[in-house]
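With mature numbering (1 follows the signal peptide of the UniProt record, and there is no 0) applied, the sequence shown covers -18 to -1, 1 to 387.
Every residue, glycine too, gets a C-beta built ideally from N, C-alpha and C.
I have placed the structure first, in the form of structure tokens, so that the comments after it can refer back to it.
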Amino acid sequence: MKKLLLITSFLFVSSAVAQTTLSLWSWRTEDRAAYEQLIKDFERKNPDIKVNFIPYEATSYNTVLSTALAGGKGPDLMMVRAYGGLEQLAKAGYLEPITNKFPDLKNFSAESLAAQTLRADKQLYAVPFATQTLGLFYNKSLFDKLKLQAPRTWNDLTNAGEKLKAAGYIPFANGTKDAWQGEIMMGVFGPNIYGQDFYQDIVNARTDFEDPRFVNAIRKLQELKPLMPQGFTAVDYTTAQQLFTSERAAMFAGGSFEIANFRKQNPNLKFAFVPAPTLKSGDPRMVSLFGDGGYAVNAKSPNKKAALKFLEYTASRQFGQKFTDLLANVSPMQGVVPSDPMVRQVMQYNKSASPYIMLVNFRYNDPTGSTLLQQALQKAFAGDMTPEQAARHVTQGMSGYFKKK
């Protein structure tokens, strides 16, 4: 009898502590603390599931993930890029389709779901987690000190830059060592230079990137070179962030995804986020907008049932609200209202937005529009290409697409 009781007790204890362990891969190394909180909330309600958050450097993440998946391995759960990035993984059969799997998916915007849908089969493969907005950060303390206003026109911007430089500050923190930062700068400033008419013409193949409106956008970006850090071609993304948060630089062209990280790096930093300036006074100012990414399940995960349970949690309003509040991101989920005033302001800016041109529209083919633009801008900033040559490089690389209607 004692032996039977011991065996029964052992089985009970074993079943009570048995856990399925899931791995969640991400490119957001800076968000580890927030994700650990989000995961704890899930684990508290699902004690039989443990989730390990494993972040990689953003620049190497795509390669690390695709290599692992191609080898039949990889994580149970993963953050995936949107649009063309999602398609590469879904077309290869690496992702579990989730169309209509979770009731809460009805609460997401149509645009955010489209960004995580494979065009070929119309299936949804990931739960969207955020939209991102590109605009201009500026240091409010430095601007107040020099009696400067937030720039509304291009002349305002360059005049403020010259005054900041004369006062011993670096006007713009951005560098171009990481080629994707050049594309970000085009996303910040481009829509207010080339205009929404150009955007409509380019996505409908009525023009190409050698259009004078786009060439002029490259030329205007080159005008910022004297306002960027000395040796800016060797300044990487991390260094640029540090220049801004240490208050050595007064402005940073970037995305709303920086808000939480800037605060973490310097809790005393007083900064604002605004749309980039226009060429002419009175013109409406636009921001660039895009779906950031989503959470997906590995189609070959041995723990698919548990992974789908976690994915359902990421589709809940509880997750969306806490995600938004912890990371100062705009949620694509209807009914999630940010507690952060700056994030609420970003939502207002999004009402006058242009899609982040290459990411949303031209990352589906190889080479991607982003790759070509990044190459061209890196050379244009370095003085190795004229604006016309840079625009030609992009157009020629995408020649199969641009057959004017």
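- In the DSSP annotation of this structure, Lys32 is not part of any alpha helix (DSSP H); the continuous beta strand (DSSP E) holding it starts and ends at 31 to 37.
- Taking C-beta atoms under 8 Å as the contact rule, Gly273 and Ser94 qualify, at a distance of about 5 Å.
- For the segment 110 to 145, the continuous alpha helix (DSSP H) assignments of 4+ residues that do not extend past its boundaries occur at 122 to 127, in sequence order.
- When the Cα atoms are used, Asp86 and Gly317 turn out to be separated by approximately 11 Å.
- The C-beta distance from Thr2 to Ile31 rounds to 5 Å, short enough to fall under 8 Å.
- Residue range 40 to 52 is occupied by the alpha helix (DSSP H) that includes Ala52.
- Here Arg63 is bridged, per DSSP, to Gly275.
- Ala278 places its beta carbon 8 Å or farther from that of Ala112.
- Beyond the five residues adjoining it in sequence on each side, Glu294 comes within less than 6 Å, by CB distance, of Phe84 in the same chain, given in chain order.
- For Val256, there is no enclosing alpha helix (DSSP H); the residue is part of the beta strand (DSSP E) that begins and ends at 253 to 256.
- Taking Phe191 as the centre and dropping the five residues before and after it, the same chain places the C-beta of Ala373, Val376, Thr377 closer than 6 Å to its C-beta, in chain order.
- Under DSSP, the beta-bridge partners assigned to Ala231 are Ile152.
- DSSP places Pro266 outside both helix and strand once states are collapsed to three, so it counts as coil.
- The three-state reading of DSSP puts Ser313 in coil, since its state is none of H, G, I, E or B.
- Nearest C-alpha to Thr81 among Gln247, Leu290, Ala362, Leu359: Leu290.
- Within a 10 Å sphere around the beta-carbon of Val342 sit 16 or more other beta-carbons, which makes this residue buried.
- Here Trp9 is not bridged, per DSSP, to any residue.
- Less than 8 Å divides the Cβ of Arg14 from the Cβ of Pro37.
- Shortest Cα-Cα distance from Leu71 to any of Ala92, Phe90, Ala235, Thr45 involves Thr45.
- Contact fails between the segment 193 to 206 and the segment 95 to 104, because fewer than three Cβ pairs, one in each stretch, are under 8 Å apart.
- Separation of Phe239 and Asp307 (C-alpha to C-alpha, rounded to the nearest whole angstrom) is 13 Å.
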